[in-house]
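In this text, residue positions in the sequence shown follow our numbering: the first is 160, and each later residue adds one.
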Amino acid sequence: MKIRLVDEHFMKARWDDIESTLRHTFHDSQFNDDGYTVNNPVDFTRSAIEGGLGPGVKHLVALDDSGNMMGGFFCIPTERKEGQEATDLGWFFVVPEVDRDTRREIVDTFLERVFQMLRDAGFKRIESNMGTPAGAKSLGRRYGFVHAPTAEWSNRWLKEL
């Protein structure tokens, strides 16, 4: 297995594979926000690779020895605006066929690298939605994300960097 940092060119070249992997992974998922479906991770990721999230957005992919997609952490900002302290992140996943130990290794590597990239860009914290209960549980327990809802944003999660 190899985890690579990629840009929109890689994502565009592999889009059919990425989209089908996202749909496969999230097809039976329960989502935290009303109205969310498997289309949300697909559409958000597509928007990023088409430039909709601005410059400097990168992505991590986990590939097996044959180059097949095992997981991804998409839409990681690597640039920030002057005075910006917080950022949002995109979707992350590991395909359901991956065993528990490998899944943990992939997610640990993703999060280590994401946190470092955000610190390097000068971000102080992450403010994000959690797409699924499984993601919220994992990121809350193992990686220090804290549920911090507001009246306007019930699915708000924070992580100090």
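Just so you know, even glycine gets a beta-carbon here, dropped at the ideal spot from N, CA and C.
If you're wondering where the values come from, they're calculated on a predicted model, not measured in any experiment.
In this structure, the beta-carbon distance from A307 to R301 does not fall below 8 Å.
Two segments are said to touch when three or more pairs of C-beta atoms, one from each, lie closer than 8 Å; by this definition the stretch 261-269 does not touch the stretch 165-183. The stretch 200-250 is shown to contain whole beta strand (DSSP E) runs of 3 or more residues at 216-222 and 228-236, in chain order. Pairing K171 with I208, the inter-Cα distance amounts to about 7 Å. Taking the Cβ atoms as the reference, R262 lies roughly 16 Å from V273, outside the contact range of under 8 Å.
Look at V273 here: in three-state DSSP terms it is helix. When beta bridges are read from the DSSP output, S188 appears opposite no residue.
For F282, the closest of G299, D260, N199 and L317 by C-alpha to C-alpha distance is L317.
Contact check for L212 against G231 fails: the beta carbons are separated by 8 Å or more.
Separation of R278 and S287 (C-alpha to C-alpha, rounded to the nearest whole angstrom) is 16 Å.
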